[in-house]
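As you go down the protein sequences, you meet chains A and B in turn.
Going by our numbering, the first sequence opens with residue 11, and the numbers climb by one from there.
Going by our numbering, the second sequence opens with residue 4, and the numbers climb by one from there.
Input: a single structure, listed below in structure tokens.
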Amino acid sequence: MVVDLARRQGIVELKQFTRSREAVVFTMAFPIIMILIFASIFSDEIAPGVNYTQYFITGMIATGLMTVGFQSLAIQIPIERDKGVLKRYRGTPMPKWVYFAGKVLMVAGIGVVEVALLLAVSIGFFDLEPPASAAKWFTFAWVSILGLSACTLCGIAFSSVPRNARSATAVVTPVALVLQFISGVFFVFTDLPAWMQQVAAIFPLKWMCQGLRSVFLPDSFATVEPAGSWELGKVALILGAWCVLGLAICVRSFTWQNKYSR
Amino acid sequence: MGNDLAVSVKGLRKAYGRTVAVDGLDLDVRRGEVFALLGPNGAGKTTTVEILEGYRKRDGGEVRVLDRDPAEPTADWRGRVGIVLQGTGEFEELTVGELVHHFAAFYPKPDDPDEVIARVGLTGKAKARTHGLSGGQKRRLDVALGIVGRPELLFLDEPTTGFDPEARREFWQLIRDLNAAGTTIMLTTHYLDEAEALAQRVGVIADGRLVEVAEPGRLGNRANAPATVSWRTPDGTVESKESDTPTALVSELAARFGGEVPGLTVTRPTLEDVYLRMIGAA
Ligand SMILES: Nc1ncnc2c1ncn2[C@@H]1O[C@H](COP(=O)(O)OP(=O)(O)OP(=O)(O)O)[C@@H](O)[C@H]1O
Ligand SMILES: [Mg+2]
């Protein structure tokens, strides 16, 4: 019964998403356009057998997951709060978690399509090798799921930071953009200054990128990583920690109404 | 249980910073009645109603709504209370039908969503996205979402703002039907005729205080209010006089004019006069 409610909520969320055309186009097409641009400009070899395009594509897959989970929710929820959508849900006997479950299902749905699309484009046009073994597929799956979960929970948690819908984009976009610059999406991570690497290592995106590189880049590239290995254990640990932190913040301080209606 | 009050409020207080919105308000709504809260802009109607709905925190006073403190709502309690807010929450990309069906699923014993859509007169728009609805149609949708859970107690904050006259009549009938089926209703309004047509009791609120509660016909002691007699004096000016005994005054005038009194009118205050006097005096 309650699970059914969550499923319905997820469907309603997905319906709303797919029906707002600009959201679909922006979310889905943006990473692809970025890949087209960057892969056409930079194609140098950054290590034996690895060119920049492959490196950048893995970063873009991670970025796509972050956009779907973090950016879209941290911007969309304040809009819904301002429009009184949240207030309206709160006036019904719907358990609060159903609202979050709906968002999670929506993000999962969009995330799957987004990643499939990116993979298809990258493999079809930019010579990305699909994961070579079952073990790599498994790593790909858990890094994506755990990373997307962390981003989703942090996105819901962060949605309480912008005070209104108008400021949401302005507050959220720079956070996401800065993370992309310092986490090894646009630049090879180990080329960045040490202090920047240390800052990036606090946040999930760096670990998502690293986890995905272990899937798509040759094993020889591991030696180029900061620790000289893929550090998959640490990837799992840090992404898991962000899930816990995000969830704790959601539970404690999610705001259902803006300050003008309290 | 066994309490015959659906809502009871004693000494309610709420301030926003330095603005005192509700200042020691007392109010009861009996089970089964339609209660209208009337008051000018900024009087504190929305603040009061949203405290009763569990949306806003109060600064003081005792409040019971269906035997619970609304500051600590439970899912069961929420299921028994229907809410139509003054400001609407928009789900732009969904259709009317999808939305009402979705909300029905939140409640333990909902009404048939399609029937609810018909009752608010939106059947023709059931497949339309809500962002394309007119103002009055959006308001009807708000009402549909408020009643689809078959509430025991229904709050409506200025429900008919934006309705055309016919829609308003239909809405009144809907409220009467719901009330006849046992729903207790508390609504706010700026329309005196609405309060008069629907409510068994009317409360007038001004500056965060309840000025009076009465049956619409007795508000401001209207039935016994002094009448105003006016007439034209021989030099052409209009003179008028308030009187508790207008009949005596008229016969005195008749004697003075030796027959017909020029321009004679005798009026008692309308509900509007009484209301304006009450909120002006507050
Ligand atoms: N969130 C808020 N923050 C600050 N002041 C508020 C807030 N909500 C209401 N007020 C103030 O409290 C007072 C009462 O407002 P309220 O909305 O309760 O009035 P109302 O009777 O519903 O008016 P209206 O008929 O215009 O809807 C007003 O002076 C208003 O400016
Ligand atoms: Mg109001």
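Idealized CB from N, CA, C, for every residue including glycine.
Remember, predicted model here, so these are calculated numbers, not experimental data.
{"query": "So which residues on chain A does B:R81 lean against when the C-beta distance must stay under 9 Å?", "result": "R100, G101, T102, P103, M104"}
{"query": "I need the DSSP call for B:A74, collapsed to helix, strand or coil.", "result": "coil"}
{"query": "Per DSSP, what kind of secondary structure is B:N224 in: helix, strand or coil?", "result": "helix"}
{"query": "For B:Y19, write down the residues that DSSP places opposite it in a beta bridge.", "result": "B:T22"}
{"query": "Quick test of the definition: if touching needs 3 or more C-beta pairs under 8 Å, does the segment 77-93 of chain B touch the segment 79-99 of chain A?", "result": "yes"}
{"query": "Anyone know if the C-beta pair for B:K130 and B:T98 falls short of 9 Å?", "result": "yes"}
{"query": "Can you pull the chain B residues whose beta carbon is under 9 Å from the beta carbon of A:V22, in chain order?", "result": "F94, L97, E101, L102, H105"}
{"query": "Taking 9 Å as the cut-off, decide whether the C-beta atoms of A:L222 and A:T77 are in contact.", "result": "no"}
{"query": "So for B:M189, helix, strand or coil by DSSP?", "result": "strand"}
{"query": "Of all the CB atoms in chain B, is at least one closer than 9 Å to the CB of A:Q86?", "result": "no"}
{"query": "Tell me, please, whether the CB atom of B:Y110 is closer than 9 Å to any CB atom in chain A?", "result": "yes"}
{"query": "According to a CB-to-CB cut-off of less than 7 Å, which residues of the segment 112-139 of chain B neighbour chain A?", "result": "none"}
{"query": "Is DSSP giving A:W266 helix, strand or coil here?", "result": "coil"}
{"query": "At a Cβ threshold of 9 Å, is B:V84 touching chain A?", "result": "yes"}
{"query": "Taking A:I166 as the reference, which of A:A130, A:V117, A:L128, A:A144 has the closest Cα?", "result": "A:V117"}
{"query": "Hey, how far is the Cα of A:R17 from the Cα of A:V114?", "result": "10 Å"}
{"query": "Quick one: Cα of B:G48 to Cα of B:L102, how far?", "result": "According to the sequence shown, residue 48 of chain B is Lys rather than Gly. Their Cα atoms are separated by approximately 28 Å."}
{"query": "Are the beta-carbon atoms belonging to A:V198 and A:I56 less than 9 Å from one another?", "result": "yes"}
{"query": "Please report the straight-line C-alpha distance between A:A175 and B:R21, rounded to a whole angstrom.", "result": "26 Å"}
{"query": "Determine the burial state of B:E65: buried for a count of at least 16 other Cβ atoms within 10 Å of its Cβ, exposed for fewer.", "result": "exposed"}
{"query": "Is B:D160 near ligand 2, going by C-beta to nearest heavy atom under 8 Å?", "result": "yes"}
{"query": "Along the chain, where does the beta strand (DSSP E) containing A:I85 start, and where does it finish?", "result": "Careful: A:I85 lies outside any beta strand (DSSP E), inside the alpha helix (DSSP H) at 82-93."}
{"query": "Where does B:F158 fall in DSSP's three states?", "result": "strand"}
{"query": "Would you identify the three-state DSSP class for B:E263, choosing helix, strand or coil?", "result": "coil"}
{"query": "Any C-beta of chain B within less than 8 Å: which residues of the segment 109-122 of chain A qualify?", "result": "none"}
{"query": "Let's see if you can read the secondary structure: which residues bound the alpha helix (DSSP H) around B:V119?", "result": "116-122"}
{"query": "If you draw a straight line from the C-alpha of A:V100 to the C-alpha of A:W107, how long is it?", "result": "According to the sequence shown, residue 100 of chain A is Arg rather than Val. About 11 Å."}
{"query": "May I ask whether a heavy atom of ligand 2 can be found less than 8 Å away from the beta carbon of B:T192?", "result": "no"}
{"query": "Count the other CB atoms within 10 Å of the CB of B:D145; is the residue buried (16 or more) or exposed (fewer)?", "result": "buried"}
{"query": "Starting from A:N61, follow its DSSP beta bridges and name the residues at the other end.", "result": "A:E55"}
{"query": "Flag A:G221 as yes if its beta-carbon sits less than 9 Å from any beta-carbon of chain B, otherwise no.", "result": "no"}
{"query": "Do you know offhand how far A:M218's Cα is from A:G243's?", "result": "12 Å"}
{"query": "Any heavy atom of ligand 4 closer than 8 Å to the CB of B:I282?", "result": "Among the ligands present in this structure, namely ligand 1 and ligand 2, ligand 4 is not found."}
{"query": "Taking 9 Å as the CB-CB limit, is B:R143 close to chain A?", "result": "no"}
{"query": "Considering only C-alpha positions, which residue in the set B:F106, B:F260, B:S11 is nearest to B:D72?", "result": "B:S11"}
{"query": "Compare the Cα-Cα distances from B:A228 to each of B:G220, B:V37, B:R212 and report the closest residue.", "result": "B:G220"}
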